[in-house]
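So the sequence shown is numbered by my numbering: it starts at 591 and just counts up by one.
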Amino acid sequence: CFRCLDCRRPRPLCHTCLLAAHQDTPFHRPEQWNGAYFVPIKLSALGLVITLGHDGGRCPDPSPPSDVLVYHVNGYHTVRVTLCTCTTTHSEPLPAWKQFLRADWLPATTTRPSTAFTYDVLDLFHNLTHQSKINAYDFYHTLHRRTSNDGSHRHPQFAHVVRLWRHIQQLKWAGRGHDPLGVEATLPGSLSVACPACPVPGKNLSVGWELSPPEKMWLYTLYLMMDANFRCRCKDRGLDDVHIAPGWSYYVEQEKYHVHVANACDREEVGIVPCMSALDMKLTLTQNNTCSAEHNAIIKANMRKEGYIASGIGAVLCARHAFFRPNGVGDLHLGEKDVRVALSICNWSNEHSRFPYMDFLVVSTLLRSLTFMLVLSYDIACQYCKNFDRRLREDFTPEMPPYAVPEYCNEPLISRDAVTIRTVCACDML
591 CFRCLDCRRP
601 RPLCHTCLLA
611 AHQDTPFHRP
621 EQWNGAYFVP
631 IKLSALGLVI
641 TLGHDGGRCP
651 DPSPPSDVLV
661 YHVNGYHTVR
671 VTLCTCTTTH
681 SEPLPAWKQF
691 LRADWLPATT
701 TRPSTAFTYD
711 VLDLFHNLTH
721 QSKINAYDFY
731 HTLHRRTSND
741 GSHRHPQFAH
751 VVRLWRHIQQ
761 LKWAGRGHDP
771 LGVEATLPGS
781 LSVACPACPV
791 PGKNLSVGWE
801 LSPPEKMWLY
811 TLYLMMDANF
821 RCRCKDRGLD
831 DVHIAPGWSY
841 YVEQEKYHVH
851 VANACDREEV
861 GIVPCMSALD
871 MKLTLTQNNT
881 CSAEHNAIIK
891 ANMRKEGYIA
901 SGIGAVLCAR
911 HAFFRPNGVG
921 DLHLGEKDVR
931 VALSICNWSN
941 EHSRFPYMDF
951 LVVSTLLRSL
961 TFMLVLSYDI
971 ACQYCKNFDR
981 RLREDFTPEM
991 PPYAVPEYCN
1001 EPLISRDAVT
1011 IRTVCACDML
């Protein structure tokens, strides 16, 4: 005698009826009566075999059955699976990982997959991370304990699959699967969600907006805010990370970012030497700081963080609606090993940038935007605006599209909290 905990009507069933009722629901949790009470039992142990391919129908040439560990919203399940090995004169059998995807299972590997996660459980975790801020470790172990406190732990595989899932979802939302040139033709920043209210000529501005009187031009001004978070650091664990979407979303493309920082980082202007201690660096930065507010950010902007591959995060956001800008986020690496190596192999010039990280983020997020007026808000704007125009003109490599600033706006307006550019601040659209 059997019963199922997940069926709408958990009435007692015989062995044959139980298998017949669960051909399309392999993730239900049956129980068997042992004469005194019900005990959990797996559907695969009762003989249920799931055939992939043919939309769930019978395959004329199936592979030998094998066990696959599948994680669903109600726990993990050992599913007995046979793959379709049918061939035609023009094609080979469909790879196992593709058959898994067509069954709405995301495998942990494309080579002989034996672990998979359903789309439902990945979508559940994705929504929970946004709403409850749960991390992958807690979610996985909660899911694991829904089945048993024992068994095989696949947390590394889950973290890997979640990363792939989010990447695939971004490509799907951006419609990249319909591009004849393929996913590789994805443009920088095109996977991000741009602010729908920020003024963009030809998109959300009425015809003739440029003829508005001067007192109305603030309506068409792009307000951006920029800041750095020095508490969001990443330790150096010796991992060789792989970028699966380099520069396609909010983060800038790392290789160009590092090259720019290596070429533009201004140790001479700030007075920093590689062997300088933290105390001497703080004194030097304080002496060169002309800000009356004595912001700690001016000092922290150049402090070294040994043992970290990222000493913080810099970002450019829409100041009105707090949307992260496309290609407006990047790690801060000052003092880290990879940047010091890059500095040693790049040719230095006498004109370096004191703010190479934030300069690159600002220019990167404006590469494909056209704005009539631009306002940059920064808590250390009084220091950042120094040589601002010179840095935009001289500190970027020829490979980058030029940043256009008219000659009659060589000096931006300076205030305590913002740097304002009153004219067209745009980049080459090509």
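Ideal Cβ placement from N, Cα and C applies to all residues, glycine included.
In this text, all values refer to a predicted model and were calculated from it rather than measured experimentally.
Exposed unless 16 or more other CB atoms sit within 10 angstroms - verdict on residue i
{"i": "His605", "result": "exposed"}
{"i": "Arg598", "result": "exposed"}
{"i": "Ala787", "result": "exposed"}
{"i": "Gln613", "result": "exposed"}
{"i": "Gln760", "result": "buried"}
{"i": "Pro770", "result": "exposed"}
{"i": "Thr678", "result": "exposed"}
{"i": "Pro685", "result": "exposed"}
{"i": "Ala610", "result": "exposed"}
{"i": "Val629", "result": "exposed"}
{"i": "Gln772", "result": "Checking the sequence shown, residue 772 turns out to be Gly, not Gln. Its Cβ having fewer than 16 others within 10 Å, Gly772 is exposed."}
{"i": "Arg601", "result": "exposed"}
{"i": "Leu1042", "result": "Residue 1042 falls outside the range modelled here, since the chain spans only 591 to 1020, and no answer is possible."}
{"i": "Val797", "result": "exposed"}
{"i": "Arg981", "result": "buried"}
Nearest neighbour of residue i, chosen from the options [CA to CA]
{"i": "Cys649", "options": "Gln689, Leu960 and Val952", "result": "Gln689"}
{"i": "Tyr813", "options": "Ser959, Cys822 and His850", "result": "Ser959"}
{"i": "Leu633", "options": "Val660, Arg670, Gly647 and Pro654", "result": "Arg670"}
{"i": "Arg821", "options": "His923, Pro804 and Leu829", "result": "His923"}
{"i": "Ser782", "options": "Trp799, Trp763, Asp969 and Asp694", "result": "Trp763"}
{"i": "Leu673", "options": "Gln973, Phe945, Phe715 and Pro652", "result": "Pro652"}
{"i": "Ser901", "options": "Trp755, Ala912, His911 and Gly920", "result": "Gly920"}
{"i": "Trp623", "options": "Leu609, Pro616 and Leu603", "result": "Leu603"}
{"i": "Arg702", "options": "Arg736, Val658 and Thr719", "result": "Val658"}
{"i": "Ala706", "options": "Pro683, Leu691 and Asp713", "result": "Leu691"}
{"i": "Thr699", "options": "Glu774, Cys824, Leu638 and Val660", "result": "Val660"}
{"i": "Tyr810", "options": "Leu829, Ile903 and Leu964", "result": "Leu964"}
{"i": "Pro946", "options": "Asp969, Ala912, Gly904 and Thr961", "result": "Gly904"}
{"i": "Tyr968", "options": "His911, Asp817, Arg983 and Asn977", "result": "Asp817"}
{"i": "His911", "options": "Leu712, Arg753 and Pro789", "result": "Pro789"}
{"i": "Thr668", "options": "Asn819, Pro654 and Gly637", "result": "Gly637"}
{"i": "Glu621", "options": "Gly765, Thr737 and Pro746", "result": "Thr737"}
{"i": "Phe962", "options": "His731, Pro804 and Tyr730", "result": "Pro804"}
Distance, residue j Cα to residue i Cα
{"i": "Leu795", "j": "Arg915", "result": "19 Å"}
{"i": "Ile834", "j": "Asp826", "result": "20 Å"}
{"i": "Arg593", "j": "Lys793", "result": "59 Å"}
{"i": "Cys975", "j": "Ala909", "result": "18 Å"}
{"i": "Trp799", "j": "Leu966", "result": "22 Å"}
{"i": "Ser656", "j": "Asp985", "result": "59 Å"}
{"i": "Trp687", "j": "Ser954", "result": "37 Å"}
{"i": "Met815", "j": "Leu956", "result": "13 Å"}
{"i": "Asp831", "j": "His750", "result": "12 Å"}
{"i": "Tyr898", "j": "Asp728", "result": "25 Å"}
{"i": "Leu733", "j": "Val663", "result": "7 Å"}
{"i": "Cys972", "j": "Lys846", "result": "27 Å"}
{"i": "Asp949", "j": "Val849", "result": "13 Å"}
{"i": "Ser722", "j": "Leu595", "result": "27 Å"}
{"i": "Leu801", "j": "Met807", "result": "9 Å"}
{"i": "Ile631", "j": "Ala784", "result": "50 Å"}
{"i": "His618", "j": "Leu951", "result": "49 Å"}
{"i": "Gly646", "j": "Thr615", "result": "11 Å"}
{"i": "Ile970", "j": "Leu714", "result": "41 Å"}
{"i": "His768", "j": "Leu754", "result": "19 Å"}
{"i": "Asn739", "j": "Ile724", "result": "20 Å"}
{"i": "Cys591", "j": "Cys676", "result": "38 Å"}
{"i": "Tyr709", "j": "His743", "result": "19 Å"}
{"i": "Cys607", "j": "Tyr627", "result": "20 Å"}
{"i": "Glu774", "j": "Pro791", "result": "28 Å"}
{"i": "Gln844", "j": "Val851", "result": "10 Å"}
{"i": "His716", "j": "Phe913", "result": "19 Å"}
{"i": "Leu718", "j": "Leu907", "result": "24 Å"}
{"i": "Arg735", "j": "Ser704", "result": "20 Å"}
Span of the alpha helix (DSSP H), counted from its first residue to its last, around residue i
{"i": "Gln721", "result": "Tyr709 to Gln721"}
{"i": "Ile758", "result": "His745 to Trp763"}
{"i": "Leu922", "result": "Careful: Leu922 lies outside any alpha helix (DSSP H), inside the beta strand (DSSP E) at Phe914 to Leu922."}
{"i": "His667", "result": "Element bounds for His667: not the alpha helix (DSSP H) but the beta strand (DSSP E), Gly665 to Thr672."}
{"i": "Phe628", "result": "Per DSSP, Phe628 belongs to no alpha helix (DSSP H); it is in the beta strand (DSSP E), Phe628 to Pro630."}
{"i": "Cys607", "result": "His605 to Ala611"}
{"i": "Val952", "result": "Pro946 to Thr955"}
{"i": "Asp728", "result": "Ala726 to Arg735"}
{"i": "Tyr841", "result": "Run containing Tyr841: none; DSSP gives neither H nor E here."}
{"i": "Ala971", "result": "Ala971 to Tyr974"}
Start and end residues, beta strand (DSSP E) containing residue i
{"i": "Leu964", "result": "Met963 to Tyr968"}
{"i": "Thr811", "result": "Thr811 to Asn819"}
{"i": "Trp623", "result": "Pro620 to Trp623"}
{"i": "Asp657", "result": "Ser656 to His662"}
{"i": "Cys594", "result": "Phe592 to Cys594"}
**Message:** Three Cβ pairs or more, each shorter than 8 Å: is that satisfied between the region 838 to 857 and the region 774 to 788?
**Reply:** yes
**Message:** Using 8 Å as the cut-off, can you tell me whether the region 689 to 700 makes contact with the region 627 to 643, which would need three or more C-beta pairs spanning the two stretches below that distance?
**Reply:** Using a Cβ-Cβ distance cut-off of 8 Å, the region 689 to 700 and the region 627 to 643 are in contact, since at least three pairs of beta carbons, one from each stretch, lie closer than that value.
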